[in-house]
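Novice: Please see the structure below; I have some questions.
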Amino acid sequence: MLIPMRASKAQCLGFLLFLIGILQCKALARYTFVVSSTECYTDISTLSYACKHWLDCIAQVRKILQVQEMPCKRLCSTKNILTVNGQFPGPTLYVHKGDTITVDVYNKAKYNITIHCDWSRATVHGAIVIYPKKDSNYPFPKPDAEVPIILGEWWKKLIMEVYHEMLRTRGDLNVSDAYTINGQPGDLYPCSKQDTFKLRVEQGKTYLLRIINAAMQDLFFSIANHSLTVVATDASNTKPLTRDIVTISPGQTIDVRLKANQNADHYYMAARVYSSALGVACDNTTTTAVYAPTSPTPLPQLPYYNDTSASVNFIGSLRSLASDKHPIDVPKNITNHFIFTISVNSFLCPNNSCAGPNGTRLAASMNNISFTNPSIDILQAYYYGINGVSEPSSPASYHTSSISRLMTCC
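Read left to right, the sequence shown gives residues -27 to -1, 1 to 383 (mature numbering (1 follows the signal peptide of the UniProt record, and there is no 0)).
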């Protein structure tokens, strides 16, 4: 199983607007979490004071992460980016289910940062690989090796510049200049071929690819002349599903088994955007990495960027494992039904002066309620005992657009 983790300096693309609570990392922040297990503490109120202090007494895994800006060259130009321990993507953390992990984060960058275990594009990110409990095994044959495959995006401009441009124009974020596999754009982009990520394999062996989508686009992923067998999504085991391509959503993880059963050669692995939204700009380029090189190296047959049937066929075929050892206890007596409608809406601007479609501005909404910034961040509200910050009793409805102007974002 695998979940993504990143220490971020951006909301979507930019600053900390996306996260209501801001963790002030002036020197050191310590972040402790428990990998889901009934054998580990979930309520720290029963622990002694010494244990409550960062849960040091039960921490089984400890990592030190140093966040700092470093120059990085991609697409023929160099800019400063956030790195973790000098790496981009950041280092991978390996733990077992049931472990308690303490991460000491030193912020040497010029911006405050947040630490979280989900996703937010254009941030520095890394992976947490969660193995089964030490006395148990995978629900499938053990692979010969495991490899994280992180799909991301790259902008030539500084991230803060892209973010401020979005605020100024009140439109969508500029599309990225490239997609990346493990931080590298690949052979199809300028000045990139010599650094393309290469996965070395041995013929006949089986590899577990832990794929993370750290971009903000749905992506198709495939490897030329090979099939991929999905065995887990979002840290949940699934019934084995073999496909030539997979669709992976933003922030999602998919574990696939890859059998090196072709002739010894080099093969491309590739990722391309999936976007069915009409009139919405997106990066329609293809990132590549090399698996197992001859000339020419064959490219996998990825679907067209707007091939909805390919995406739906893959997603609709996924099934939970639901075995005796891995039961799925789903409540069958439903007492309440909830419907959540999430959309990106376009609003009129004076003289069509904004950068959204047809001169409009964009705003997301949930059940026709748009997000507005609170007057104080959630951590300060908690500290000072201020109510109504995270859950206002009667949220105002700021949604005024008609249904004909609702859009989805690529």
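Note that CB positions come from ideal geometry on N, CA and C, so glycine has one too.
For the beta strand (DSSP E) that contains Ile154, what are its first and last residues?
Specialist: Taking the sequence shown and counting its residues from 1, the one referred to as residue 154 is at position 181. First-last of the beta strand (DSSP E) with Ile154: Ala151 to Ile154.
Novice: Rounded to a whole number of angstroms, what is the C-alpha to C-alpha distance between Asn279 and Asp256?
Specialist: In the sequence shown, the residue the question calls residue 279 occupies position 306. In the sequence shown, the residue the question calls residue 256 occupies position 283. Between Asn279 and Asp256, the C-alpha separation is close to 12 Å.
Novice: If I measure Cβ to Cβ from Asn286 and keep anything under 6 Å in the same chain, skipping five residues before and after, which residues do I get?
Specialist: Against the sequence shown, residue 286 aligns to sequence position 313. Nothing meets the Cβ criterion.
Novice: Would you tell me roughly how many angstroms separate the C-alpha atoms of Ala233 and Leu201, rounded to the nearest one?
Specialist: Counted from its first residue, the sequence shown places residue 233 at position 260. Counted from its first residue, the sequence shown places residue 201 at position 228. Their backbone Cα atoms lie some 11 Å apart in a straight line.
Novice: Look up Glu42 in the DSSP assignment and give the residues it is bridged to.
Specialist: As a working mapping, residue 42 is identified with position 69 in the sequence shown. According to DSSP, which records beta bridges pairwise, Glu42 is partnered with Leu55.
Novice: Taking the C-alpha atoms as reference points, what is the distance between Tyr277 and Leu192?
Specialist: The residue you call residue 277 lines up with position 304 of the sequence shown. The residue you call residue 192 lines up with position 219 of the sequence shown. Rounded to whole angstroms, Tyr277 to Leu192 spans 11 Å at the Cα level.
Novice: Considering only C-alpha positions, which residue in the set Phe344, Ile301 and Arg334 is nearest to Ile315?
Specialist: Residue numbering aside, residue 315 sits at position 342 when the sequence shown is read from its first letter. If we check each option's Cα against that of Ile315, Phe344 comes out closest.
Novice: Three or more beta-carbon pairs under 8 Å between the segment 94 to 108 and the segment 155 to 169, yes or no?
Specialist: no
Novice: Could you tell me the alpha carbon to alpha carbon distance between Ala283 and Ala208, rounded to whole angstroms?
Specialist: Here residue 283 refers to the residue found at position 310 when the sequence shown is read from its first residue. Here residue 208 refers to the residue found at position 235 when the sequence shown is read from its first residue. Distance between the alpha carbons of Ala283 and Ala208 is about 23 Å.
Novice: On the three-state DSSP scale, how would you describe Asp228?
Specialist: Numbered from 1 along the sequence shown, position 255 holds the residue referred to as residue 228. Here DSSP, grouped into helix, strand and coil, assigns Asp228 to strand.
Novice: Got a sec? Which residues, its chain only, sit under 6 Å from residue 423 by beta carbon, not counting five neighbours each side?
Specialist: No answer is possible for residue 423: the residues shown for the chain start at -27 and end at 383.
Novice: Name, in chain order, the residues that DSSP records as bridge partners for Ala262.
Specialist: Counted from its first residue, the sequence shown places residue 262 at position 289. Beta-bridge pairing links Ala262 to Met242.
Novice: Just to check my reading of the structure: Tyr241 and Leu272 have Cβ atoms closer than 8 Å, yes? What is that Cβ distance to the nearest angstrom?
Specialist: The count along the sequence shown starts at 1 and reaches residue 241 at position 268. The count along the sequence shown starts at 1 and reaches residue 272 at position 299. Confirmed, about 5 Å.
Novice: Helix, strand or coil: which one does DSSP assign to Met133?
Specialist: As a working mapping, residue 133 is identified with position 160 in the sequence shown. Residue state, collapsed to three classes: helix.
Novice: Let's see if you can read the secondary structure: which residues bound the beta strand (DSSP E) around Ser282?
Specialist: Position 309 of the sequence shown, counted from the first residue, corresponds to residue 282. No beta strand (DSSP E) holds Ser282; the alpha helix (DSSP H) holding it covers Thr281 to Ile288.
Novice: Can you tell me which of Ile307, Ala151 and Ala295 puts its alpha carbon nearest to the alpha carbon of Cys49?
Specialist: One-based indexing of the sequence shown puts residue 49 at position 76. Among Ile307, Ala151 and Ala295, the Cα nearest to that of Cys49 belongs to Ala151.
Novice: Tell me whether the beta-carbon of Val68 lies closer than 8 Å to the beta-carbon of Gln39.
Specialist: If you number the sequence shown from 1, residue 68 lands on position 95. If you number the sequence shown from 1, residue 39 lands on position 66. Going by C-beta atoms, Val68 is not nearer than 8 Å to Gln39.
Novice: Can you find the residues in the same chain that come closer than 6 Å, C-beta to C-beta, to Gln235, ignoring five residues on each side of it along the sequence?
Specialist: Here the question's residue 235 lines up with position 262 in the sequence shown. So the list reads Asn198, once near-sequence residues are dropped.
Novice: Leaving out five residues before and five after Leu131 in sequence, what residues of the same chain have Cβ atoms less than 8 Å from its Cβ?
Specialist: Against the sequence shown, residue 131 aligns to sequence position 158. Lys52 and Asn53, listed in sequence order.
Novice: How should Asn318 be labelled, buried or exposed, when 16 other C-beta atoms within 10 angstroms of its C-beta is the threshold for buried?
Specialist: Position 345 of the sequence shown, counted from the start, is the residue given in the question as residue 318. Classification for Asn318: buried.
Novice: On the premise that Thr211 lies in contact with Leu291, defined as a C-beta separation below 8 Å, what is that separation, rounded to the nearest angstrom?
Specialist: As a first step, residue 291 is located in the sequence shown; it is residue number 318 there, counting from the start. As a first step, residue 211 is located in the sequence shown; it is residue number 238 there, counting from the start. Indeed they touch by this definition, with Cβ atoms about 6 Å apart.
Novice: Should Asp228 be labelled buried (16 or more other beta-carbon atoms within 10 Å of its own) or exposed?
Specialist: Working through the sequence shown from its first residue, we reach residue 228 at position 255. So Asp228 counts as buried.
Novice: Would the beta-carbon of Phe313 fall within 8 Å of that of Asn340?
Specialist: Mapped onto the sequence shown, residue 313 falls at position 340. Mapped onto the sequence shown, residue 340 falls at position 367. Closer than 8 Å, so yes.
Novice: If you check the beta carbons only, do Asn155 and Ile123 fall under 8 Å apart?
Specialist: Against the sequence shown, residue 155 aligns to sequence position 182. Against the sequence shown, residue 123 aligns to sequence position 150. Against a cut-off of 8 Å, the Cβ pair of Ile123 and Asn155 comes out as a contact.
Novice: Could you tell me which residues DSSP pairs with Leu201 in its beta bridges?
Specialist: Taking the sequence shown and counting its residues from 1, the one referred to as residue 201 is at position 228. Bridge partners of Leu201: Arg216 and Leu231.
Novice: Give every residue of the same chain whose Cβ lies closer than 8 Å to the Cβ of Trp127, excluding the five residues on either side of it in the sequence, and list them in chain order.
Specialist: Counted from its first residue, the sequence shown places residue 127 at position 154. Taken in chain order, the residues that qualify are Arg47, Leu48, Ser149, Asp150, Ala151, Tyr152, Thr153 and Pro158.
Novice: How about Lys130: is its C-beta nearer than 8 Å to some C-beta of chain D?
Specialist: The structure shown contains no chain D, having only a single protein chain.
Novice: Please identify the residue among Tyr357, Val78, Lys129 and Phe320 whose C-alpha is closest to the C-alpha of Pro44.
Specialist: The residue you call residue 44 lines up with position 71 of the sequence shown. Of the listed residues, the one whose Cα sits closest to Pro44 is Lys129.
Novice: Would you mind working out which of Lys115, Pro105 and Thr258 sits nearest residue 392, comparing C-alpha positions?
Specialist: Nothing in the structure corresponds to residue 392, since the chain is present only between -27 and 383.
Novice: Given a cut-off of 8 Å, decide if Phe113 and Pro213 are closer than it, judged by their beta-carbon atoms.
Specialist: The residue you call residue 213 lines up with position 240 of the sequence shown. The residue you call residue 113 lines up with position 140 of the sequence shown. Closer than 8 Å, so yes.
Novice: Quick check on the DSSP output: the beta strand (DSSP E) that includes Tyr67 runs from which residue to which?
Specialist: As a first step, residue 67 is located in the sequence shown; it is residue number 94 there, counting from the start. Its beta strand (DSSP E) spans residues Leu66 to His69.
Novice: Which runs of the alpha helix (DSSP H) spanning at least 4 residues fall entirely within the segment 292 to 318, listed in chain order?
Specialist: none
Novice: For the alpha helix (DSSP H) holding Ile351, just list the boundary residues, first then last.
Specialist: Taking the first residue of the sequence shown as 1, we reach residue 351 at position 378. Here the alpha helix (DSSP H) through Ile351 covers Ile351 to Tyr357.
Novice: Can you give me the C-alpha to C-alpha distance between Phe(-10) and His310, rounded to a whole angstrom?
Specialist: In the sequence shown, the residue the question calls residue -10 occupies position 18. In the sequence shown, the residue the question calls residue 310 occupies position 337. Only weak support is given to the placement of Phe(-10): the predicted model assigns it a pLDDT of 24, under 50, and the value that follows is read from those uncertain coordinates. Those two C-alpha atoms are separated by around 28 Å.
Novice: Under 8 Å between the Cβ atoms of Ala237 and Gln176?
Specialist: As a position in the sequence shown, residue 237 is number 264, starting the count at 1. As a position in the sequence shown, residue 176 is number 203, starting the count at 1. Taking C-beta atoms as the reference points, Ala237 and Gln176 count as a pair closer than 8 Å.
Novice: Three-state secondary structure (DSSP) at Pro121?
Specialist: Position 148 of the sequence shown holds residue 121. Reduced to three states, the DSSP call for Pro121 is strand.
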